[in-house]
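Enquirer: Numbering of the sequence shown is given in my numbering, commencing with residue 28 and proceeding in unit increments.
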Amino acid sequence: MLKSAVDHLLTNVIPAAQDYGSAENDLSAAFQQNADPAHWERVGQHAKRRAAEAAIAIDGLADRTAKALGSTPNKVRDDVVPYCAIGRVARLGSIERICAVANAYKHADLSDRKHPIRSEADILATGAGYGIDCYGIGKCRGVEVLVTERDGTVRKFLGDVPWAIAGWFQYLEARSAALPLGEFYVCGLCVKTGS
28 MLKSAVDHLL
38 TNVIPAAQDY
48 GSAENDLSAA
58 FQQNADPAHW
68 ERVGQHAKRR
78 AAEAAIAIDG
88 LADRTAKALG
98 STPNKVRDDV
108 VPYCAIGRVA
118 RLGSIERICA
128 VANAYKHADL
138 SDRKHPIRSE
148 ADILATGAGY
158 GIDCYGIGKC
168 RGVEVLVTER
178 DGTVRKFLGD
188 VPWAIAGWFQ
198 YLEARSAALP
208 LGEFYVCGLC
218 VKTGS
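Okay, here's the thing in structure tokens:
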């Protein structure tokens with residue numbers, strides 16, 4: 028029943044997230060080479076685009092799962108939220124930010140108040156990440172893709188991607204979806220254990 032979602036997770040979501048992680052690494056390397064924004068801006072735009080592509084792939088799981096379960100994408104997203112944890116550490120808002128980034132990339136401006144951001148202008152490849160968001164999330168220095176929420180809170184998208192994917196793995200497993208054995212890593216974090 029959930030084969031389409033599992034196939035999408037394995038063949039589209041994981042590779043898109045890995046591409047995004049690689050783009051973030053390239054951004055770090057460009058920044059290390061020369062901290063002048065003129066030097067790393069193009070690489071930053073590439074990282075931002077890869078972030079949006081990963082968000083679109085991840086958010087596509089809601090549509091596929093809703094269709095399989097006879098539900099709605101919004102209901103499925105709400106159901107995935109409690110599963111967005113790596114180890115025992117939850118990341119609140121990751122599914123919501125993923126959905127918002129995907130929609131901002133497609134539509135530019137967001138009028139739906141369910142989205143924690145207003146537009147694609149709230150997604151930037153910028154800023155020193157030190158002291159932003161939670162301890163141990165994303166990069167400790169340099170530039171990275173940041174998402175500014177409506178209330179002014181700044182979040183590291185490098186934290187949202189692995190936590191959301193971990194949530195999807197756990198959600199699908201809880202619904203007895205046929206998942207492969209083995210570990211999966213995204214953005215340097217294990218999002219599915221070997222069990």
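Every residue, glycine too, gets a C-beta built ideally from N, C-alpha and C. Fair warning: this is a prediction, and the values are worked out from it, not measured in the lab.
Any contact of the stretch 98-114 with the stretch 189-201, i.e. 3+ C-beta pairs under 8 Å?
Expert: Yes, the stretch 98-114 is in contact with the stretch 189-201.
Enquirer: State whether the stretch 97-112 contacts the stretch 122-139, with contact taken as three or more CB pairs (one from each stretch) at a distance under 8 Å.
Expert: The stretch 97-112 is in contact with the stretch 122-139.
Enquirer: Kindly indicate which three-state DSSP category I113 falls into: helix, strand or coil?
Expert: I113 falls in the strand class under three-state DSSP.
Enquirer: By Cβ distance below 8 Å, which residues in the same chain neighbour A74 in space, the five residues on each side in sequence not counted?
Expert: Only Y47, A50, E51, D53, L54, A152, E171 and V172 meet the Cβ criterion.
Enquirer: From the DSSP output, in three-state form, read off S146 for me.
Expert: Strand at S146.
Enquirer: Measuring only the C-alpha atoms, how far is N130 from I83?
Expert: When rounded, the distance between both Cα atoms is 8 Å.
Enquirer: If I'm right that P100 touches G120 with Cβ under 8 Å, what's the distance once you round it to whole angstroms?
Expert: At roughly 17 Å, the Cβ-Cβ gap does not stay under 8 Å, so P100 and G120 are not in contact.
Enquirer: Which full runs of the alpha helix (DSSP H) of 4+ residues lie inside the stretch 132-217, going along the chain?
Expert: Runs found: 184-201.
Enquirer: Could you name each continuous alpha helix (DSSP H) segment of 4 residues or more that falls completely within the stretch 47-129, going from the start of the chain to the end?
Expert: Whole alpha helix (DSSP H) segments, 4+ residues: 64-96 and 100-107.
Enquirer: Quick one: Cα of P64 to Cα of R182, how far?
Expert: C-alpha separation (whole angstroms): 20 Å.
Enquirer: Report back the beta-carbon spacing between A148 and T92 to the nearest angstrom; my notes put them in contact at under 8 Å.
Expert: About 30 Å separates the two Cβ atoms, so there is no contact after all.
Enquirer: Going by beta carbon distance, what residues of the same chain come within less than 7 Å of D90, once the five residues before and after it are set aside?
Expert: Counting only Cβ-Cβ distances below 7 Å, and skipping sequence neighbours, we find P100.
Enquirer: Using the Cα positions of F205 and H134, report the straight-line distance between them to the nearest angstrom.
Expert: It should be noted that the sequence gives Ala, not Phe, for residue 205. Computed Cα separation, rounded: 34 Å.
Enquirer: Just to confirm, are L185 and G165 a CB contact at a threshold of 8 Å?
Expert: Yes. Within cutoff.
Enquirer: Taking C-alpha atoms, which residue in T220, E176 and I41 lies nearest to R140?
Expert: Measuring from the Cα of R140, the nearest candidate turns out to be E176.
Enquirer: Between L96, P42 and Q60, which lies nearest to L29 when the distance is taken from Cα to Cα?
Expert: Here the closest residue by C-alpha is L96.
Enquirer: Would you kindly work out how many angstroms separate the C-alpha atoms of K56 and L37, rounded to a whole number?
Expert: For the record, residue 56 in the displayed sequence is Ala; it is not Lys. Cα to Cα, A56 sits roughly 28 Å from L37.
Enquirer: Out of E200, K219, R202 and G215, state which residue places its alpha-carbon closest to the alpha-carbon of G209.
Expert: The shortest Cα separation from G209 among E200, K219, R202 and G215 belongs to K219.
Enquirer: So, using beta-carbon positions, are A44 and A81 closer together than 8 Å?
Expert: Yes, the Cβ-Cβ distance between A44 and A81 is below 8 Å.
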